[in-house]
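The sequence shown runs 729 to 943 under the working numbering.
Built from N, CA and C at the ideal position, the CB exists for glycine as well.
Because the structure is a prediction, the values reported are computed rather than measured.
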Amino acid sequence: MVKFIVLVGLLALSFCVVMAADQSPLQDFCVAQSNSQMLLNGLACKDPSMVQASDFYFSGLHIPGNTSNALGSNGTLVSTAQIPGLNTLGIFLARIDFAPWGLNPPHTHPRGTEILTVIQGSIEVGFVTSNPDNRLISKIVNKGDVFVFPIGLVHYQRNVGSGNAVAVVALSSQNPGLVTIAHAVFGSKPDISTDLLVKAFQVDKSIISNIQAKV
Ligand SMILES: *[C@@H]1O[C@H](CO)[C@@H](O)[C@H](O)[C@H]1NC(C)=O
Ligand SMILES: *[C@@H]1O[C@H](CO)[C@@H](O)[C@H](O)[C@H]1NC(C)=O
729 MVKFIVLVGL LALSFCVVMA ADQSPLQDFC VAQSNSQMLL NGLACKDPSM
779 VQASDFYFSG LHIPGNTSNA LGSNGTLVST AQIPGLNTLG IFLARIDFAP
829 WGLNPPHTHP RGTEILTVIQ GSIEVGFVTS NPDNRLISKI VNKGDVFVFP
879 IGLVHYQRNV GSGNAVAVVA LSSQNPGLVT IAHAVFGSKP DISTDLLVKA
929 FQVDKSIISN IQAKV
C-alpha cells in the first residue's frame, strides 16, 4: 500500500513537470499583437491575414553585447519582444557574450531546458542535480560544441579561454524565466532577513550583509 501511494505520488509529480512546458499551439501561428490588452497564457494573436515575413524575423545577433560590467557577460535576447511570431511556439533564443573570465552566474530557468552552442572561445559549463546528490556535472566546451542544461536545474557558464567567448542558447519555452540565485536570495525586495540567511548559510552576519549590499 505504501509503495502504491509513493508510486502515485511520483506519477503525479512527473505529470506536474510535464505540464510545466509550453502547450502545443492549436493553429499554424499566433503572431503577438503588441497593443492588445487581452490577458491569456501567452500574448493575443494578430489577424493571420495581416501577418508578414517581418513578424518572424530579427536581425542583430551578429552584434556583441557590452560585457563591461561586474560579471563580464551580457545576454542579447531574441524573444517575442523581438520576434512576435515566436508567440505560443515554445522556443526562445539568446546570444551570450563573455569577456575573458566573464561569468554567467548560477541561475535557473523554471520553465525551460537550455541547449547551448559555442560560437567562439572556450567555456566552462555546469549544472547541479537536485537534492540529495547535488552532483555537479561540468565540462569545458569549445567552438562548435553543444551542451544541454535540463529544465529547472541551477547552472552557470564561465569563459576560461584567452579571448572573448560567444555562445548561442535556445530554450524550450517562449518565456523560460530567469532566477539568478544571488539576486533571488540576497537581493530580494524587501530583503530576506539577515538573521534568517545567517542561519541558512551558517556564516557571520557581516558576510551576509556584505553580499546583500552588493546584489
Ligand atoms: C548588454 O549589452 C547591451 C548592448 O551593448 C547594453 O545596452 C546593455 O546595457 C548590456 N547589459 C549589461 C548588463 O551590461
Ligand atoms: C560598454 O559599457 C560601459 C559601461 O556602461 C560603457 O562605459 C562603454 O562605453 C560601453 N561600450 C560600448 C562600446 O558601448
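Near ligand 2: residue i beta-carbon under 7 Å from a heavy atom
| i | result |
| --- | --- |
| residue 794 | yes |
C-alpha gap between residue i and residue j, whole angstroms
| i | j | result |
| --- | --- | --- |
| residue 872 | residue 920 | 42 Å |
| residue 940 | residue 933 | 10 Å |
| residue 893 | residue 763 | 37 Å |
| residue 788 | residue 846 | 18 Å |
| residue 811 | residue 770 | 14 Å |
| residue 761 | residue 931 | 50 Å |
| residue 840 | residue 777 | 31 Å |
Nonlocal neighbours in the same chain, by C-beta distance under 7 Å from residue i, ignoring five residues either side
| i | result |
| --- | --- |
| residue 813 | 757, 759, 783 and 784 |
| residue 808 | 760, 771, 814, 815 and 902 |
| residue 889 | 849 and 850 |
Closer than 7 Å: residue i CB and nearest ligand 1 heavy atom
| i | result |
| --- | --- |
| residue 797 | yes |
| residue 887 | no |
| residue 802 | yes |
Residue i (DSSP reduced to helix, strand or coil)
| i | result |
| --- | --- |
| residue 790 | coil |
| residue 739 | In this prediction, residue 739 has a pLDDT of 44, which is less than 50 and means its spatial position is unreliable; what the coordinates show is noted afterwards. Helix. |
| residue 908 | strand |
| residue 860 | coil |
| residue 745 | The predicted model places residue 745 with a pLDDT of 44, which falls under 50 and marks its position as unreliable; any figure quoted below should be read in that light. Of the three classes helix, strand and coil, the one that applies to residue 745 here is helix, per DSSP. |
| residue 826 | strand |
| residue 927 | helix |
| residue 686 | No answer is possible for residue 686: the residues shown for the chain start at 729 and end at 943. |
| residue 759 | coil |
| residue 770 | strand |
| residue 831 | strand |
| residue 950 | One cannot answer for residue 950 here, as it falls past the ends of the chain, which runs 729 to 943. |
| residue 809 | coil |
Spatial neighbours of residue i in its chain, beta-carbon cut-off 8 Å, leaving aside the 5 residues before and after
| i | result |
| --- | --- |
| residue 909 | 833, 834, 835, 836 and 882 |
| residue 736 | In this prediction, residue 736 scores a pLDDT of 45, lower than 50, which makes its location untrustworthy; no coordinate-derived value is stated. |
Status (buried if at least 16 other CB within 10 Å, exposed otherwise) for residue i
| i | result |
| --- | --- |
| residue 874 | exposed |
| residue 730 | Bear in mind that the predicted position of residue 730 carries a pLDDT of just 48, short of 50, making it unreliable; the figure below should be weighed with that in mind. So residue 730 ends up on the exposed side. |
| residue 904 | buried |
| residue 822 | buried |
| residue 801 | buried |
Contact set for residue i: own chain, Cβ-Cβ below 6 Å, skip 5 residues either direction
| i | result |
| --- | --- |
| residue 786 | 806, 810 and 811 |
| residue 885 | 832, 851 and 853 |
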